[in-house]
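Protein chains in written order, with the numbering used here: chain L, 204 to 564; chain E, 204 to 564. Working notes, beginning with the structure itself.
Protein chains: 2
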Amino acid sequence: MGVKPDKKVTLKDIAQALGVATSTVSNAYNRPDQLSPELRERIFETARRLGYSGPDPMARGLRRGRVGAIGVVYPDRLSYAFTDPVAPLFIQGIALEAEQAGYGLLLVGSTPQEDSTLAATASVDGFVVQCFADGDPLYQAVIGRRLPTVLVDNFSDTPGLPWVTVDDVGGARAAAEHLIALGHRRLGIASLELTRQSVGGILTLEQQAGASYGPTRARLQGYRVAVEAAGLSWGRDVVVYECPENTLEEGRRAAEVLLGQSPRPTAILAMSDQLALGVLEHAARQGTAVPTGLSVVGFDDAPIAAQTTPSLTTVRQDHVEKGRRAGQMLLALLEGREALEPVILPTRLVVRESSGPPPRS
Amino acid sequence: MGVKPDKKVTLKDIAQALGVATSTVSNAYNRPDQLSPELRERIFETARRLGYSGPDPMARGLRRGRVGAIGVVYPDRLSYAFTDPVAPLFIQGIALEAEQAGYGLLLVGSTPQEDSTLAATASVDGFVVQCFADGDPLYQAVIGRRLPTVLVDNFSDTPGLPWVTVDDVGGARAAAEHLIALGHRRLGIASLELTRQSVGGILTLEQQAGASYGPTRARLQGYRVAVEAAGLSWGRDVVVYECPENTLEEGRRAAEVLLGQSPRPTAILAMSDQLALGVLEHAARQGTAVPTGLSVVGFDDAPIAAQTTPSLTTVRQDHVEKGRRAGQMLLALLEGREALEPVILPTRLVVRESSGPPPRS
DNA sequence: CGATTCATCTGAATCGTTTCAGTAGTATAG
DNA sequence: CTATACTACTGAAACGATTCAGATGAATCG
């Protein structure tokens, strides 16, 4: 039992079996006060006997206009989503709110075949969408659904479309200021992608101007503000390397390329802890001591950042809180409450062992 | 726009606007070959103009009998699910298969209010359910749905209900044998929960016999086989401490209690890396050197296990593969292909730095 | 005792699609 | 020039529930 391919048992079947109206059976499930307890019990008994597992969610959803699921949209393939150690934290935050309100979480990513995006056909009551590049078709598909939607890590000027971001500019700026205060004068930046389908590599100033991912753009700007405030030249004293993916390997490669520049940077600013860990790994392989030979600062404060050797100096953002806020905003929309104000969450520099004064030249 | 609460635009509206049959409009979306390209284009144009976002997923799902989502069920609250670093890997595995077949992943956990479980009302085509204790009501609810279902980390004797597990017994045994071969004669075990809603603490032999979580039971058994094969006494030479939650904190507490026993264990076997990391943390705080003062062996081989200092000796299982297999099995069921055989994935001891010979007494 | 309320239960409309058996009308074959 | 086959489109019946305005009879009230 449990998996027999019986023809489907419906409300009607059990109504017929008992000689009552289907509406009565429906009431047994949805409005216990509308019928006598005995009849209700008899209905459940019959349902059990016939193997009826309760009202069909889809039919109910259609009629009620509500499914009980919120869509969480990733700009990338779903299977990549979890290579980033902070993704689960964000989801956890949404889950925290969703489960209280009785919603499930439907994860949707872009499918291998670009054309038919799942976002267009997902049965959900609303969406939380993460960090999109300008003009991403998946994003368009989501917006096209005209469902209540909350943006994360992206701004929006559309009224009624709330968003939550973090202070990327401030965080990045604090990170760069920290290194400069330690005496570093030559910096390498391991950047996240600037555009969809980027190939990576050292970026010219022009290319940097074309960043279409919000957080990447904001962090570059934050770094730059600090650099120029210190009287350094962004063009001359800083090298920006774009990593085409947010993985350890790309972090390693970034380190390799950046440290191959001359003059050699004495510190590397990474836009994620994932990349920073890759940088640490490269340094370890090369026998470069951190922080005496090289300083590294990450971004995110992933749980692992505190556990590595050396532990990672990084910019903390509260991913769980970010998820919660997004969840709260969406639920407010879904439940017809007043829309919540967009919010910018704070970031904070956490100094650990991976940053220190530059080596004396 | 995008979020205006217009009254819903339907197929019928756009059919009327063009003076064609609704079935024709439907065909425009689902069977392009059934109508002339020009009409199809006119239909899309009108749809765009009226703000029609394509066939309603729920209505379509109802009619077609397929939603395009697979339910991933956690035995616990969803927000807890992600405190374990290996959970994302498992999901990633499922996602890998699901996204290829065009399915989304609906995460459902137990809701705070025990009664109305989301599993009973989730719009999905099938379920993957993780490690349940015998008789868990959430599990009953899932089975009651009579949808195609795959069990993970649990066996099943029901035909047509495939499962995937790992060789927990073998892995645990290898871990214990490793420690014994190193010379350890007194072991502490930091166990995962044995039953739902357990409170934790040192376990008597009787209590151990009542384990209702499959993996916990299997690992205990594996440890025991190794211990007794070496001529040691399970009752006298081994202390089992049950952690009520799989968290760092509980790992620390386990270490504290286990190391407080006398005679003191010279090694701790933890049933997850998460717990093992807690043990390491406790050791570090106490100034106990690992592995010279204490050996620690984990379970799972979470990504972080290789990165800690000292790196963690552990039993490797391939969580991504576990997810993939589960996904494949479910998809086979969903697509009406022949059911795949249940599978037991291998485990393998990975020796790193956290295990060594016991201190000389 | 007639009027009201109350607790139960019923019927029919509806939710927004898909599907399938047709119907014209036009092109191809014999 | 009639039979055959397409092509392009239509109508109506599902899909499996919920909802809401009644209907029925029993109980309560003044």
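By construction, the Cβ of each residue, glycine as well, lies at the ideal position given by its N, Cα and C atoms.
- The alpha helix (DSSP H) runs lying completely inside the stretch 452-516 of chain E and spanning 4 residues or more are 476-489, given in chain order.
- Residue state for L/Tyr306 is assigned as coil, using DSSP reduced to three classes.
- For E/Met261, the neighbours in chain L by C-beta distance under 8 Å run, in chain order, Met261, Gly264, Leu265, Val270 and Ser326.
- Rounded to the nearest angstrom, the gap between the Cα atoms of E/Leu214 and L/Gly274 is 23 Å.
- Looking at the backbone, the Cα of L/Glu484 and that of E/Ala509 are separated by about 12 Å.
- Going by C-alpha positions, L/Asp279 is about 12 Å away from E/Leu299.
- Among the residues facing chain E, L/Ala458 is not included, as its CB has no counterpart in that chain under 9 Å away.
- When Cβ-Cβ separations below 9 Å define contact, L/Ser226 makes no contact with chain E.
- Where E/Glu241 is concerned, the enclosing alpha helix (DSSP H) starts and stops at Pro240 to Leu253.
- Under a criterion of Cβ atoms nearer than 7 Å, the residues of chain E adjacent to L/Arg348 are, in order, Ser256.
- One Cα belongs to L/Ala505, the other to L/Pro494, and the distance between them is close to 19 Å.
- For E/Ala433, the closest Cβ of chain L is not nearer than 9 Å.
- Nearest C-alpha to E/Ala377 among E/Gly403, E/Glu459 and E/Met474: E/Met474.
- Around L/Val353, the same chain offers Val331, Pro365, Ala529, Met532 and Leu533 as residues with beta carbons nearer than 6 Å, after the five sequence neighbours per side are excluded.
- With respect to chain L, the C-beta atom of E/Ala220 has no partner C-beta closer than 9 Å.
- With fewer than 16 neighbouring CB atoms inside 10 Å of its own CB, L/Asn233 falls in the exposed class.
- The residue among E/Gly338, E/Gly312, E/Gly305 and E/Val546 with its C-alpha nearest the C-alpha of L/Thr320 is E/Gly305.
- When the beta-carbon positions are compared, E/Arg348 and E/Ala322 come within less than 9 Å of each other.
- In the DSSP assignment, L/Gly329 falls within the unbroken beta strand (DSSP E) covering Gly329 to Gln333.
- Classified as exposed, L/Ala492 has fewer than 16 neighbouring CB atoms from the shown chains inside 10 Å of its CB.
- Against chain L, the CB of E/Thr516 has no partner CB under 9 Å away; the residue lies outside that interface.
- Interface residue (Cβ-Cβ distance to chain L less than 9 Å): E/Phe285 is classified as such.
- About 6 Å separates the Cβ atoms of L/Gly425 and L/Asp371, confirming a contact at the 8 Å cut-off.
- In this structure, the straight-line span from the alpha carbon of E/Tyr277 to that of E/Ala414 is close to 19 Å.
- The Cβ atoms of L/Thr419 and L/Leu395 lie closer than 9 Å to each other.
- Under a criterion of Cβ atoms nearer than 7 Å, the residues of chain E adjacent to L/Ser282 are, in order, Gln295, Ala298, Leu299 and Glu302.
- Taking 7 Å as the Cβ-Cβ cut-off, the stretch 527-556 of chain L has no residue approaching chain E.
- Partner residues in a beta bridge of E/Arg348, as assigned by DSSP, do not exist.
- For E/Thr314, the CB contacts under 7 Å within the same chain, skipping 5 residues up- and downstream, are Thr320 and Leu321 in chain order.
- In the DSSP annotation of this structure, the continuous segment of the beta strand (DSSP E) that includes E/Arg551 starts and ends at Arg551 to Val553.
- If you keep only unbroken alpha helix (DSSP H) runs of at least 4 residues inside the stretch 257-285 of chain E, you get 260-267 and 281-284.
- L/Gly391: member of the beta strand (DSSP E) spanning Leu390 to Ser394, first to last residue.
- Annotation: L/Ala393 to E/Leu480 spans about 30 Å, alpha carbon to alpha carbon.
- Inter-segment contact for the stretch 280-289 of chain E and the stretch 249-258 of chain L is absent: fewer than three beta-carbon pairs are separated by less than 8 Å.
- When secondary structure is reduced to three states using DSSP, E/Arg519 falls in the strand class.
- Pairing L/Leu309 with L/Ser326 gives a Cβ-Cβ distance under 9 Å.
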